[in-house]
Amino acid sequence: MSDQSDFMEALRFALSSRADVDALETAEDWAPEWRAQAAEGLSPVALAVSGGFLSDRLAWAFAGGYQSALRRLLTPFRPQLLENEWTMALCATESSGNRPRDIRTQVTDNGDGTVTVSGEKSWTTLGPVVDVFLVVARLNGHEPEARPALKVVAVPASSEGIYFSEKTPLEFVPEVPHQAAAFDNVRVPRAAVLPGDGYSDYVKPFRTVEDTFIAIATHAYLLREARYRGWPDPLIEALAANLFSLGSLANVDATSPATHVALAGLLGQGQALYGRVTDQWRGGDNGDPALRRWLRDQPLFQIASKPRELRVQRAWEQLATLS
2 MSDQSDFMEA LRFALSSRAD VDALETAEDW APEWRAQAAE GLSPVALAVS
52 GGFLSDRLAW AFAGGYQSAL RRLLTPFRPQ LLENEWTMAL CATESSGNRP
102 RDIRTQVTDN GDGTVTVSGE KSWTTLGPVV DVFLVVARLN GHEPEARPAL
152 KVVAVPASSE GIYFSEKTPL EFVPEVPHQA AAFDNVRVPR AAVLPGDGYS
202 DYVKPFRTVE DTFIAIATHA YLLREARYRG WPDPLIEALA ANLFSLGSLA
252 NVDATSPATH VALAGLLGQG QALYGRVTDQ WRGGDNGDPA LRRWLRDQPL
302 FQIASKPREL RVQRAWEQLA TLS
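Heads up: the sequence shown begins at 2 in the working numbering, then just goes up one per residue.
Right, here's the structure in full:
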(Lines of atoms letter the chains of each structure in order from A and count residues from 1; the text may use other names and numbers.)
(Lines give C-alpha, C1' and ligand atoms only; values in the text may rest on other atoms or scores of the structure.)
Protein backbone atom coordinates (compact mmCIF):
# COMPACT_ATOMS: atom_id res chain seq x y z
CA MET A 1 0.00 0.00 0.00
CA SER A 2 1.36 3.45 -0.92
CA ASP A 3 1.82 6.12 1.72
CA GLN A 4 -1.06 8.12 0.18
CA SER A 5 -3.53 5.23 0.27
CA ASP A 6 -2.26 4.31 3.75
CA PHE A 7 -2.96 7.88 4.86
CA MET A 8 -6.43 7.89 3.31
CA GLU A 9 -7.26 4.65 5.09
CA ALA A 10 -6.10 6.23 8.37
CA LEU A 11 -8.28 9.28 7.69
CA ARG A 12 -11.28 7.02 7.01
CA PHE A 13 -10.52 5.23 10.29
CA ALA A 14 -10.49 8.56 12.16
CA LEU A 15 -13.84 9.54 10.65
CA SER A 16 -15.65 6.26 11.23
CA SER A 17 -14.18 4.25 14.11
CA ARG A 18 -15.43 4.31 17.68
CA ALA A 19 -14.40 7.59 19.26
CA ASP A 20 -14.09 6.46 22.88
CA VAL A 21 -10.57 5.56 24.01
CA ASP A 22 -8.91 4.45 27.23
CA ALA A 23 -7.28 7.06 29.46
CA LEU A 24 -3.50 6.77 29.76
CA GLU A 25 -1.98 8.65 32.68
CA THR A 26 1.76 8.11 32.29
CA ALA A 27 4.40 7.58 29.62
CA GLU A 28 4.83 4.06 30.97
CA ASP A 29 1.14 3.47 30.15
CA TRP A 30 1.44 5.09 26.72
CA ALA A 31 4.63 3.42 25.47
CA PRO A 32 3.34 -0.19 25.09
CA GLU A 33 0.22 1.10 23.34
CA TRP A 34 2.41 3.07 20.94
CA ARG A 35 4.68 0.11 20.27
CA ALA A 36 1.63 -1.98 19.40
CA GLN A 37 0.55 0.64 16.87
CA ALA A 38 4.06 0.89 15.41
CA ALA A 39 4.16 -2.90 14.99
CA GLU A 40 1.24 -2.70 12.53
CA GLY A 41 3.57 -1.52 9.77
CA LEU A 42 1.79 1.75 8.98
CA SER A 43 3.55 4.50 7.05
CA PRO A 44 4.77 7.38 9.25
CA VAL A 45 1.92 9.70 8.22
CA ALA A 46 -0.75 7.05 8.81
CA LEU A 47 0.87 6.26 12.15
CA ALA A 48 0.64 9.94 13.13
CA VAL A 49 -3.09 9.91 12.38
CA SER A 50 -3.61 6.66 14.27
CA GLY A 51 -1.49 7.79 17.21
CA GLY A 52 -3.35 11.08 17.48
CA PHE A 53 -6.81 9.56 17.10
CA LEU A 54 -6.19 6.95 19.79
CA SER A 55 -4.95 9.58 22.28
CA ASP A 56 -7.08 10.69 25.20
CA ARG A 57 -5.10 13.92 25.61
CA LEU A 58 -2.78 16.28 23.77
CA ALA A 59 0.32 14.85 25.49
CA TRP A 60 -0.01 11.51 23.71
CA ALA A 61 -0.94 13.13 20.40
CA PHE A 62 2.30 15.11 20.71
CA ALA A 63 4.24 11.97 21.59
CA GLY A 64 2.76 10.04 18.67
CA GLY A 65 3.41 12.89 16.26
CA TYR A 66 7.00 13.16 17.49
CA GLN A 67 7.63 9.44 17.06
CA SER A 68 6.05 9.42 13.60
CA ALA A 69 8.14 12.43 12.59
CA LEU A 70 11.33 10.58 13.54
CA ARG A 71 10.23 7.63 11.42
CA ARG A 72 9.62 9.94 8.47
CA LEU A 73 13.05 11.52 9.00
CA LEU A 74 14.81 8.14 9.02
CA THR A 75 12.99 6.65 6.03
CA PRO A 76 15.50 7.77 3.35
CA PHE A 77 18.56 6.90 5.43
CA ARG A 78 17.96 3.86 7.63
CA PRO A 79 14.52 2.33 6.93
CA GLN A 80 15.60 -0.84 8.75
CA LEU A 81 15.10 1.02 12.03
CA LEU A 82 11.42 1.31 11.16
CA GLU A 83 10.97 -2.45 11.00
CA ASN A 84 10.89 -2.44 14.80
CA GLU A 85 8.35 -0.90 17.14
CA TRP A 86 11.04 1.05 18.99
CA THR A 87 10.45 4.44 20.55
CA MET A 88 13.17 6.94 19.70
CA ALA A 89 14.45 10.39 20.65
CA LEU A 90 16.61 12.78 18.64
CA CYS A 91 19.32 14.01 21.01
CA ALA A 92 20.87 17.20 19.65
CA THR A 93 20.56 19.96 22.26
CA GLU A 94 23.48 20.54 24.63
CA SER A 95 24.06 23.13 27.32
CA SER A 96 24.92 25.83 24.76
CA GLY A 97 22.29 24.95 22.15
CA ASN A 98 21.78 22.72 19.13
CA ARG A 99 23.62 24.58 16.38
CA PRO A 100 26.51 22.68 14.80
CA ARG A 101 29.12 24.68 16.70
CA ASP A 102 27.30 23.95 19.99
CA ILE A 103 27.69 20.17 19.66
CA ARG A 104 30.53 18.84 21.82
CA THR A 105 29.44 15.20 22.04
CA GLN A 106 31.93 13.09 20.06
CA VAL A 107 31.82 9.83 18.15
CA THR A 108 35.15 8.00 17.81
CA ASP A 109 35.91 5.15 15.43
CA ASN A 110 37.70 2.46 17.44
CA GLY A 111 39.09 0.69 14.38
CA ASP A 112 37.54 -2.64 15.37
CA GLY A 113 34.09 -2.30 13.85
CA THR A 114 32.77 -0.26 16.76
CA VAL A 115 32.48 3.41 17.65
CA THR A 116 32.35 5.17 21.02
CA VAL A 117 29.97 8.00 21.88
CA SER A 118 30.89 10.43 24.67
CA GLY A 119 29.16 13.63 25.74
CA GLU A 120 26.11 15.14 27.39
CA LYS A 121 22.70 16.05 26.02
CA SER A 122 20.51 18.40 28.02
CA TRP A 123 17.17 17.31 26.56
CA THR A 124 15.76 13.90 25.58
CA THR A 125 12.03 13.80 24.88
CA LEU A 126 10.25 10.78 26.43
CA GLY A 127 13.62 9.69 27.84
CA PRO A 128 12.42 7.07 30.37
CA VAL A 129 10.52 5.08 27.72
CA VAL A 130 12.91 5.51 24.78
CA ASP A 131 14.38 2.39 23.19
CA VAL A 132 16.91 4.08 20.87
CA PHE A 133 18.60 7.46 21.20
CA LEU A 134 19.56 9.19 17.95
CA VAL A 135 22.62 11.04 19.20
CA VAL A 136 24.03 13.95 17.20
CA ALA A 137 27.82 13.95 17.62
CA ARG A 138 30.89 15.48 16.00
CA LEU A 139 33.45 13.18 14.46
CA ASN A 140 36.44 12.88 16.78
CA GLY A 141 39.63 14.15 15.22
CA HIS A 142 37.94 17.20 13.68
CA GLU A 143 39.04 20.36 15.43
CA PRO A 144 36.31 22.56 16.94
CA GLU A 145 35.21 24.90 14.18
CA ALA A 146 32.22 26.89 13.00
CA ARG A 147 30.93 23.92 11.01
CA PRO A 148 32.12 20.59 12.45
CA ALA A 149 31.46 17.26 10.76
CA LEU A 150 28.39 15.86 12.50
CA LYS A 151 26.84 12.39 12.42
CA VAL A 152 23.82 10.74 14.02
CA VAL A 153 24.44 7.55 15.99
CA ALA A 154 21.62 5.14 16.91
CA VAL A 155 22.40 4.20 20.51
CA PRO A 156 20.20 1.57 22.24
CA ALA A 157 18.93 2.80 25.60
CA SER A 158 20.13 -0.48 27.11
CA SER A 159 23.78 0.31 26.29
CA GLU A 160 26.26 0.47 29.15
CA GLY A 161 27.51 3.92 30.05
CA ILE A 162 24.30 5.99 29.71
CA TYR A 163 23.31 8.03 32.75
CA PHE A 164 20.16 10.10 33.16
CA SER A 165 19.14 13.17 35.15
CA GLU A 166 15.45 13.91 35.61
CA LYS A 167 14.10 17.23 34.36
CA THR A 168 11.32 19.13 36.12
CA PRO A 169 8.03 18.44 34.28
CA LEU A 170 6.80 21.27 32.08
CA GLU A 171 3.63 23.11 33.10
CA PHE A 172 2.01 21.97 29.84
CA VAL A 173 1.82 18.34 28.64
CA PRO A 174 3.51 17.36 31.94
CA GLU A 175 2.77 13.71 31.19
CA VAL A 176 5.57 13.77 28.58
CA PRO A 177 8.84 13.19 30.49
CA HIS A 178 12.17 14.74 29.61
CA GLN A 179 15.65 13.85 30.81
CA ALA A 180 19.22 14.97 30.45
CA ALA A 181 21.52 12.17 29.30
CA ALA A 182 25.25 11.59 29.66
CA PHE A 183 26.99 9.14 27.32
CA ASP A 184 30.19 7.89 28.96
CA ASN A 185 32.25 6.00 26.37
CA VAL A 186 29.19 4.16 25.07
CA ARG A 187 30.34 1.55 22.56
CA VAL A 188 28.08 0.54 19.64
CA PRO A 189 28.67 -1.11 16.23
CA ARG A 190 29.99 1.16 13.48
CA ALA A 191 26.79 0.38 11.56
CA ALA A 192 24.94 2.42 14.19
CA VAL A 193 26.35 5.58 12.56
CA LEU A 194 23.64 6.73 10.17
CA PRO A 195 24.48 7.94 6.65
CA GLY A 196 24.35 11.62 5.78
CA ASP A 197 25.20 14.83 7.60
CA GLY A 198 23.98 15.03 11.17
CA TYR A 199 22.82 18.62 10.86
CA SER A 200 21.68 19.25 7.29
CA ASP A 201 20.08 15.82 6.83
CA TYR A 202 18.61 15.34 10.31
CA VAL A 203 18.51 18.23 12.79
CA LYS A 204 17.60 21.02 10.37
CA PRO A 205 14.82 19.29 8.39
CA PHE A 206 13.42 17.70 11.54
CA ARG A 207 12.12 21.07 12.68
CA THR A 208 9.77 21.14 9.69
CA VAL A 209 8.93 17.43 9.81
CA GLU A 210 8.17 17.63 13.53
CA ASP A 211 5.86 20.62 13.11
CA THR A 212 3.99 18.81 10.34
CA PHE A 213 3.55 15.50 12.11
CA ILE A 214 2.63 16.92 15.50
CA ALA A 215 -0.02 19.03 13.78
CA ILE A 216 -1.31 15.91 11.99
CA ALA A 217 -1.57 13.99 15.26
CA THR A 218 -3.18 16.95 17.04
CA HIS A 219 -5.85 17.31 14.35
CA ALA A 220 -6.57 13.57 14.54
CA TYR A 221 -6.89 13.79 18.33
CA LEU A 222 -9.30 16.72 18.08
CA LEU A 223 -11.25 14.94 15.35
CA ARG A 224 -11.86 12.09 17.78
CA GLU A 225 -12.84 14.46 20.58
CA ALA A 226 -15.24 16.27 18.24
CA ARG A 227 -16.90 13.04 17.14
CA TYR A 228 -17.02 11.65 20.68
CA ARG A 229 -18.70 14.79 22.00
CA GLY A 230 -21.12 15.18 19.11
CA TRP A 231 -19.81 18.57 18.02
CA PRO A 232 -21.24 20.16 14.85
CA ASP A 233 -20.38 18.52 11.53
CA PRO A 234 -18.87 21.73 10.05
CA LEU A 235 -16.18 21.72 12.76
CA ILE A 236 -15.44 18.04 12.17
CA GLU A 237 -15.27 18.68 8.43
CA ALA A 238 -12.88 21.60 8.91
CA LEU A 239 -10.58 19.48 11.08
CA ALA A 240 -10.66 16.69 8.50
CA ALA A 241 -9.92 19.11 5.65
CA ASN A 242 -6.90 20.63 7.37
CA LEU A 243 -5.73 17.17 8.40
CA PHE A 244 -5.92 16.07 4.76
CA SER A 245 -3.87 19.09 3.66
CA LEU A 246 -1.25 18.50 6.35
CA GLY A 247 -1.01 14.88 5.24
CA SER A 248 -0.22 16.04 1.72
CA LEU A 249 2.91 17.75 3.07
CA ALA A 250 4.08 14.71 5.03
CA ASN A 251 6.21 13.20 2.28
CA VAL A 252 7.42 16.24 0.35
CA ASP A 253 10.85 17.89 0.59
CA ALA A 254 11.05 19.35 4.10
CA THR A 255 13.79 21.78 3.00
CA SER A 256 11.81 23.35 0.15
CA PRO A 257 10.73 26.99 0.64
CA ALA A 258 7.38 26.11 -0.97
CA THR A 259 6.87 23.49 1.75
CA HIS A 260 7.64 26.06 4.44
CA VAL A 261 5.14 28.57 3.04
CA ALA A 262 2.39 25.97 2.69
CA LEU A 263 3.06 24.61 6.18
CA ALA A 264 2.90 28.11 7.68
CA GLY A 265 -0.53 28.57 6.14
CA LEU A 266 -1.80 25.22 7.40
CA LEU A 267 -0.43 25.80 10.90
CA GLY A 268 -2.19 29.17 10.93
CA GLN A 269 -5.45 27.52 9.90
CA GLY A 270 -4.83 24.93 12.59
CA GLN A 271 -4.51 27.62 15.25
CA ALA A 272 -7.84 29.08 14.15
CA LEU A 273 -9.41 25.62 14.40
CA TYR A 274 -7.94 25.14 17.87
CA GLY A 275 -9.71 28.35 18.87
CA ARG A 276 -13.01 27.01 17.51
CA VAL A 277 -12.43 23.78 19.42
CA THR A 278 -11.85 25.71 22.65
CA ASP A 279 -15.04 27.73 22.18
CA GLN A 280 -17.03 24.58 21.48
CA TRP A 281 -15.55 22.78 24.49
CA ARG A 282 -16.25 25.70 26.81
CA GLY A 283 -19.88 25.62 25.75
CA GLY A 284 -20.27 22.28 27.49
CA ASP A 285 -19.16 20.98 30.88
CA ASN A 286 -16.49 23.38 32.17
CA GLY A 287 -15.52 20.78 34.77
CA ASP A 288 -14.52 18.32 32.04
CA PRO A 289 -10.96 17.12 32.87
CA ALA A 290 -10.21 16.82 29.15
CA LEU A 291 -11.07 20.51 28.70
CA ARG A 292 -8.88 21.46 31.67
CA ARG A 293 -5.97 19.55 30.13
CA TRP A 294 -6.56 21.14 26.73
CA LEU A 295 -6.50 24.65 28.22
CA ARG A 296 -3.46 23.83 30.34
CA ASP A 297 -1.55 22.51 27.32
CA GLN A 298 -2.10 25.48 24.98
CA PRO A 299 1.46 26.85 25.46
CA LEU A 300 2.72 23.81 23.53
CA PHE A 301 1.63 25.53 20.32
CA GLN A 302 3.84 28.54 21.03
CA ILE A 303 7.08 26.57 21.37
CA ALA A 304 9.58 27.60 18.68
CA SER A 305 7.14 30.17 17.27
CA LYS A 306 9.98 32.60 16.53
CA PRO A 307 12.03 30.05 14.54
CA ARG A 308 8.87 29.22 12.58
CA GLU A 309 8.39 32.90 11.74
CA LEU A 310 12.00 33.17 10.59
CA ARG A 311 11.66 29.96 8.57
CA VAL A 312 8.74 31.24 6.52
CA GLN A 313 10.37 34.66 6.16
CA ARG A 314 13.48 33.03 4.68
CA ALA A 315 11.27 30.87 2.47
CA TRP A 316 9.62 33.93 0.94
CA GLU A 317 13.05 35.51 0.42
CA GLN A 318 14.29 32.37 -1.34
CA LEU A 319 11.22 32.21 -3.55
CA ALA A 320 11.68 35.87 -4.50
CA THR A 321 15.11 35.09 -5.94
CA LEU A 322 13.55 32.50 -8.27
CA SER A 323 11.21 34.94 -9.97
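All C-beta atoms, glycine included, are put in the ideal place defined by N, C-alpha and C.
Cβ-Cβ distance between residue i and residue j below 8 Å
{"i": "alanine 70", "j": "isoleucine 215", "result": "yes"}
{"i": "leucine 74", "j": "phenylalanine 207", "result": "yes"}
{"i": "threonine 117", "j": "arginine 188", "result": "yes"}
{"i": "serine 119", "j": "phenylalanine 184", "result": "yes"}
{"i": "alanine 49", "j": "isoleucine 237", "result": "no"}
{"i": "proline 157", "j": "valine 133", "result": "yes"}
{"i": "alanine 263", "j": "valine 46", "result": "no"}
{"i": "leucine 195", "j": "arginine 294", "result": "no"}
{"i": "valine 177", "j": "alanine 60", "result": "yes"}
{"i": "valine 210", "j": "alanine 93", "result": "no"}
{"i": "glutamine 68", "j": "methionine 89", "result": "yes"}
{"i": "glutamate 86", "j": "lysine 122", "result": "no"}
{"i": "arginine 102", "j": "proline 149", "result": "yes"}
{"i": "serine 44", "j": "phenylalanine 14", "result": "no"}
{"i": "glutamine 270", "j": "asparagine 243", "result": "yes"}
{"i": "leucine 223", "j": "leucine 247", "result": "no"}
{"i": "arginine 228", "j": "alanine 20", "result": "yes"}
{"i": "alanine 255", "j": "valine 313", "result": "no"}
{"i": "glycine 128", "j": "glutamine 180", "result": "yes"}
First and last residue of the uninterrupted beta strand (DSSP E) at residue i
{"i": "glutamate 1", "result": "Since the first residue shown for the chain is 2 and the last is 324, residue 1 is missing from the structure and cannot be characterised."}
{"i": "alanine 49", "result": "It is not in any beta strand (DSSP E) - alanine 49 instead sits in the alpha helix (DSSP H) that spans 45 to 54."}
{"i": "proline 258", "result": "Premise fails: proline 258 lies in the alpha helix (DSSP H), 258 to 283, not in any beta strand (DSSP E)."}
{"i": "alanine 155", "result": "151 to 157"}
For residue i, the three-state DSSP class (helix, strand or coil)
{"i": "lysine 168", "result": "coil"}
{"i": "alanine 182", "result": "strand"}
{"i": "glutamate 95", "result": "strand"}
{"i": "arginine 102", "result": "helix"}
{"i": "phenylalanine 245", "result": "helix"}
{"i": "proline 77", "result": "coil"}
{"i": "alanine 90", "result": "strand"}
{"i": "phenylalanine 134", "result": "strand"}
{"i": "valine 177", "result": "coil"}
{"i": "proline 233", "result": "coil"}
{"i": "proline 190", "result": "strand"}
{"i": "leucine 250", "result": "coil"}
{"i": "arginine 139", "result": "strand"}
N- and C-terminal bounds of the alpha helix (DSSP H) containing residue i
{"i": "proline 290", "result": "290 to 297"}
{"i": "proline 308", "result": "306 to 322"}
{"i": "arginine 58", "result": "Neither: arginine 58 is in no alpha helix (DSSP H) and is coded neither H nor E."}
{"i": "alanine 109", "result": "Checking the displayed sequence, the identity of residue 109 turns out to be threonine instead of alanine. No alpha helix (DSSP H) holds threonine 109; the beta strand (DSSP E) holding it covers 107 to 110."}
{"i": "glutamine 38", "result": "28 to 39"}
{"i": "leucine 12", "result": "4 to 17"}
Pairing CB atoms from the segment 46 to 65 with CB atoms from the segment 27 to 35, are three or more of them under 8 Å? yes
With contact counted as at least three CB pairs below 8 Å, one residue from each stretch, are the segment 153 to 173 and the segment 293 to 311 in contact? yes
Counting pairs of beta carbons, one from the segment 253 to 262 and one from the segment 283 to 292, are three or more of them closer than 8 Å? no
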